[in-house]
Every structure is written in structure tokens, then in C-alpha cells.
Amino acid sequence: MVKDKIKALAKEYKSDIITLRRHLHAHPELSFQEYQTSAFVEEKLKSFGITQLEKKADTGIVALIEGRNPRAKVIALRADMDALPIIEQNEVSYKSTNSGVMHACGHDVHTASLLGAAKILNGIRDDFEGTVKLIFQPGEELIPGGASLMIKDKVLENPRPSGIIGQHVMPLIPVGKVGFRKGMYMASADELYITVKGKGGHGAMPETLVDPVLIASHMIVALQQVVSRNASPKIPSVLSFGRVEALGATNVIPNEVKIQGTFRTLNEEWRAKAHVQMVKIAKGIVEGMGGEVDFEVRRGYPFLKNAEALTERAQQAAISYMGEENVVDLDIWMAAEDFSYYTQEIDGCFYRLGTRNEAKGIVSGVHTPTFDIDEDALEIGAGLMAYIAVNELKS
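Anchor point for the sequence shown: position 351 equals 351 in full-length UniProt numbering, and the numbering is continuous, going up by one each time.
Structure below.
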């Protein structure tokens, strides 16, 4: 059986995939700067005998693995390659050698897993019909998102896949398990940049000032009604402010306050309305208290919707490959992912790869300086992705 072949190859290549991951982890590059990573991926693909390669969006790579009757069906597999501006605190042999940059979101795992899947699939290409399209993209962590640039560069054309599969590490799920969710899964994400302007001066003379700190405080509280009173309770929404900068002193009121935040939801129509409502509320509060406001909504990624039928087939493939007890159902996740751009164009399935191991102390979340994985996940990451692709080509 093809499944048994894939399992055997994933086991055989496990140490090689770990080596790939450790190299990538030790040499992280920031979004849209993945030049060495891109060259490494290209070199490895060619060493596997995969020669149909093309650069996209400067540092992205697309490659084809053709089985029998290549035009029968096309399925795409995607990995992201960029790292984060974080100083790694793990004391491991593969610790980042690029100061201040770290693979703290598992993109090294995604890239190594897809390379492993590519090696497996290229070795069994006589056992399936159709074509597997490999997409290694840059810049998932930074707006406008590498996926959007890859799509503009026609990554979904010539040939056009019927669907696309992506996976992401999940440190909340134990190693040896994976998670799926059909339908709405991840939120859109917009960045908010606000400047509240007033008239600063001595803190002991408030009657002569227009206090932007007080005004900003009222505005932040008032804006929460966008979620609590303007959004339908049926639509998940989050409005959070993570940075408030008022550079005064104990007795100095500043001239302005700068605020940064995020707005997330799972409905594009409500998303657009909320943008208008936030600006309207902010202007009303600030101007009503004598100040001025600049309010920029920087649109980020759209919501991510997993295609029902494709995700059902992928989940059933995972059950067949790993056992039902190792495949869990996921809840809605209010983080964002630029894989969502692909799902706006074609059917997509974005699932989670368990990486947690409490016995080994591997429990840190993504985007932290101590994030790491149980590397047993790499055998699953490569093998399952290859099996889902072959299974989908049969459907």
C-alpha cells in the first residue's frame, strides 16, 4: 500500500528531516529576507531530483512533482520560511546564529516537513496520478503577507491546483497528534495606529491644557463597545490595544499619545463596518473633549476558512494514517495566517501539527524566546502531508 510506503520512507528520512530543521533553525531570516533559506531549499529539492523549479516573489520557490498522467489533478502543499525578530533563549546545539532573529513560530518545522514530504513524494511518483505543487513562501509574519505576493506572481496558475494544504505547529497539542477544523477557523487581523493630539503642559495647570492622556483613556474604553455592542454575538471579534505611549513625566502632560492595537474577526462584511465604526467613535470622543485624532486602520490578512469537503477528506486521511485517537477537533483560533489568501482563491485545508512534550519540558508557546518542538513531530509532519496529497489526488 502507498500509505505503508510513505510511513516507511518518513521513518527512514526522519534523521535527515531533523538535520534539515536544525540547519534552518540555526540560520533564521526575517520576512522577505529569506535569501539563504531560499537557496538552501532550492539546493535540497534539486538533490532529491526535483528539477521543475521556479522563483516567485523574490525569495519564494514553487516546484512540481509529476506522477503518472500529470494533468489528471493538481494539489498544492505550502510551507512558510520566515523567522521573527526575537532573541533565542534556548541553549541547544541548533540555537540561532543570527543575533536577534529566531524561528519562534515553527516555520523551520514547516519548511523541513515540506522538504521531507517532497523527498517522499518524488520517490513514489510512479504510485500516484497527477501533480503535487510545492509552495515555499516568504514573509508570512509581515503585512502584506508573502502568500498575497506569491498569488500576484501567479503561483496558483500553470498548473492551477484544485486545492491547497498547509500545516502549522501547535504547542498546545501533544506530539503524535494533529488537529483539524472544517469551515471558519482563523481570524482576519488588522493593525490600528492612533495618535491623539492635545495641548501639553504642566501637570499642575490642567485648566490650561487639552490632556491627550485623559482623552486617549476615554477613547480606549469607548472603543470596546465596537465588540460588546456593535458586533453580533454570533460573530467572533477581538479588539485589543497593546501599546500606549504618552511620553510625559510625573508633572508633564505630553502634546500627544500614540496607541497601537489589533482588530480581529471572522466576517468580512462586519470587518469593513467595524473599521468605519471605530474611526467614528474615536473622532466623536476625542473631538468632543477638545482634541484631534489620526486613526489609521492597516488592513492585514483576511479570515481563514477551511473548505468543508477538502478538510473532511484530509481529516479522514489523517485518521487512516495515524489512528482516530490521534486526530483532534480544533476550536476557532483568533490568531491570523496569510494562508487565508490562498483560501480566498481555491479550496484550502490548514491543520495543526502537535509539538508539545511536557515530559521533556517542551511547553513554550509560539512567538516566545524559548519555543521549541519535540522533533518526533517531523516524521509526522512530512509523512502525513505526503499521504494527504496522494489521498487527495485519488479523490
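The beta carbon of each residue, even a glycine, is placed where N, CA and C say it ideally should be.
Limits of the beta strand (DSSP E) - the one that residue i falls within
{"i": "R264", "result": "E256 to T265"}
{"i": "I61", "result": "G60 to E66"}
{"i": "G179", "result": "V178 to F180"}
{"i": "G183", "result": "G183 to M186"}
{"i": "D80", "result": "V74 to D80"}
{"i": "D329", "result": "V327 to D329"}
{"i": "R298", "result": "E292 to R298"}
{"i": "L134", "result": "T131 to Q137"}
{"i": "L53", "result": "L53 to K56"}
Residue from the options whose Cα sits closest to the Cα of residue i
{"i": "Q137", "options": "I388, Y342 and I17", "result": "Y342"}
{"i": "V155", "options": "E345, I380 and F371", "result": "E345"}
{"i": "I194", "options": "M219, D211 and L172", "result": "M219"}
{"i": "T97", "options": "F339, I143, P28 and F128", "result": "P28"}
{"i": "I283", "options": "W270, E325 and L223", "result": "Note that residue 283 is Lys in the sequence shown, not Ile. K283 has its Cα closest to that of L223, out of W270, E325 and L223."}
{"i": "A63", "options": "A72, A76 and R71", "result": "A76"}
{"i": "D374", "options": "G106, R181 and M150", "result": "G106"}
{"i": "S395", "options": "I6, E129 and D376", "result": "E129"}
{"i": "F40", "options": "T51, L24, Q52 and G348", "result": "L24"}
{"i": "T355", "options": "Y35, E43, H110 and K3", "result": "H110"}
{"i": "E379", "options": "M322, T368 and V363", "result": "M322"}
{"i": "T51", "options": "E312, V286, K133 and N230", "result": "K133"}
{"i": "G288", "options": "I215, V257 and I173", "result": "I215"}
{"i": "V221", "options": "P233, S232, A204 and L239", "result": "L239"}
{"i": "P233", "options": "E66, W270, V257 and G242", "result": "W270"}
{"i": "L310", "options": "L393, K360 and D372", "result": "L393"}
Residue environment, residue i, which counts as buried when at least 16 other CB atoms sit within 10 Å
{"i": "P206", "result": "exposed"}
{"i": "V252", "result": "exposed"}
{"i": "P212", "result": "buried"}
{"i": "A57", "result": "buried"}
{"i": "residue 460", "result": "This structure gives no information on residue 460, because the portion of the chain shown stretches from 1 to 395."}
{"i": "residue 457", "result": "A query on residue 457 cannot be resolved here, the shown segment of the chain reaching from 1 to 395 and no further."}
{"i": "N158", "result": "exposed"}
{"i": "A8", "result": "exposed"}
{"i": "L247", "result": "exposed"}
{"i": "R352", "result": "buried"}
{"i": "T59", "result": "buried"}
{"i": "I87", "result": "exposed"}
{"i": "R92", "result": "Correcting the residue identity first, residue 92 is Val in this sequence and not Arg. So V92 ends up on the exposed side."}
{"i": "K280", "result": "exposed"}
{"i": "M385", "result": "buried"}
{"i": "D294", "result": "exposed"}
{"i": "K119", "result": "buried"}
{"i": "residue 457", "result": "This structure does not reach residue 457, given that the chain is present from 1 up to 395, and the question cannot be answered."}
{"i": "A79", "result": "buried"}
Close beta carbons around residue i, own chain, < 7 Å, minus the five adjacent residues each side
{"i": "A189", "result": "T262, R264, G300, Y301 and A336"}
{"i": "G183", "result": "K305, N306 and E308"}
{"i": "D338", "result": "E140, G145, G146, A147, S148 and Y301"}
{"i": "Q36", "result": "H27 and E29"}
{"i": "V175", "result": "G354, T355, R356, N357, D374, D376 and A377"}
{"i": "V286", "result": "V196, I215, M219, E292 and V293"}
Close-in-space but distant-in-sequence residues of the same chain around residue i (CB under 6 Å, 5 per side omitted)
{"i": "L209", "result": "K199, G201 and I253"}
{"i": "N391", "result": "A317"}
{"i": "S31", "result": "D82, G139, E141 and L142"}
{"i": "I388", "result": "I165, A314 and A317"}
{"i": "Y382", "result": "Residue identity check: residue 382 is Ala in the sequence provided, not Tyr. Answer for A382: A10, I17, S113, G116 and A117, listed in chain order."}
{"i": "N267", "result": "I235"}
{"i": "H275", "result": "V297"}
{"i": "A272", "result": "none"}
{"i": "V244", "result": "I259"}
{"i": "M150", "result": "K56, A57, G60 and Q137"}
First and last residue of the uninterrupted alpha helix (DSSP H) at residue i
{"i": "S237", "result": "Unbroken run through S237 is the beta strand (DSSP E), S237 to E245; no alpha helix (DSSP H)."}
{"i": "F40", "result": "Y35 to S47"}
{"i": "K14", "result": "V2 to A26"}
{"i": "L378", "result": "A377 to K394"}
{"i": "N306", "result": "First-last for N306: L304 to N306, but that is the beta strand (DSSP E), not the alpha helix (DSSP H)."}
{"i": "D108", "result": "H107 to G123"}
{"i": "E287", "result": "E268 to G288"}
{"i": "P212", "result": "P212 to L223"}
{"i": "T343", "result": "S340 to T343"}
{"i": "I143", "result": "Note, I143: premise wrong, no alpha helix (DSSP H); not H, not E."}
Per DSSP, the bridge partner or partners of residue i
{"i": "M170", "result": "G354"}
{"i": "M102", "result": "L84"}
{"i": "residue 403", "result": "The structure shown does not extend to residue 403, since the chain is modelled only from 1 through 395, so no value can be given for it."}
{"i": "D347", "result": "G163"}
{"i": "H367", "result": "BP columns for H367 are empty, so no partner."}
{"i": "A249", "result": "V252"}
{"i": "I362", "result": "N357"}
{"i": "K152", "result": "Answer by DSSP bridge pairing: none, since K152 is not bridged."}
{"i": "L30", "result": "A83"}
Residue i: CB within 7 Å of a non-hydrogen atom of the ligand GDP
{"i": "F339", "result": "Among the components of this structure there are no ligands whatsoever, and the ligand GDP is therefore not found."}
8 Å CB neighbourhood of residue i in its chain, flanking five on each side removed
{"i": "V327", "result": "K177, V178, G179, F180, Q315, A318 and I319"}
{"i": "Q277", "result": "V226 and N230"}
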